[in-house]
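Everything in the sequence shown is counted per the numbering used here, starting at 75 for the first residue and increasing by one. From the three backbone atoms N, C-alpha and C, an ideal C-beta is built for every residue, glycine too.
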Amino acid sequence: MTERLPDPSDVASAVEEKQRELSIQAHLNRPIETPLKIDGVRVCKSCEEIIPHERLQALPLSVRCVYCQNDFDNLNMHKA
Ligand SMILES: [Zn+2]
75 MTERLPDPSD VASAVEEKQR ELSIQAHLNR PIETPLKIDG VRVCKSCEEI IPHERLQALP
135 LSVRCVYCQN DFDNLNMHKA
């Protein structure tokens, strides 16, 4: 038996990442924020850098880049 199924951990990590963010979102009870757009391009609400397309595809509700979102979540968690 030489054939192997694809490594499930490859698939799982992408799903986990998404679920982790969703659970943070639920945990913080974060209101859905209005995305900031400059010239029709979604940008980070904190640093105004363009949010990568892949991030928006994975997390359409993202309003910040991954770095600012981490900072934001950390701040909120410490507050709570
Ligand atoms: Zn940012």
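DSSP state of residue i, grouped into three classes?
| i | result |
| --- | --- |
| Leu161 | No answer is possible for residue 161: it lies beyond the span of the chain, which begins at 75 and ends at 154. |
| Arg94 | helix |
| Cys142 | helix |
| Pro82 | helix |
Looking at the strands, I want to know which residues DSSP matches up with residue i.
| i | result |
| --- | --- |
| Val117 | Leu110 and Ile124 |
Drop a sphere of 10 angstroms on the beta-carbon of residue i, count the other beta-carbons inside from all chains shown, and report buried for 16 or more, exposed for fewer.
| i | result |
| --- | --- |
| Val137 | buried |
| Ile125 | buried |
Report task. Please list, in chain order, all residues with a C-beta atom less than 7 Å from at least one heavy atom of ligand 1. Result -> Cys118, Ser120, Cys121, Glu123, Arg138, Cys139, Tyr141 and Cys142
Report task. Specify whether the segment 136 to 146 and the segment 107 to 119 touch according to this definition: at least 3 beta carbon pairs, one from each stretch, less than 8 Å apart. Result -> yes
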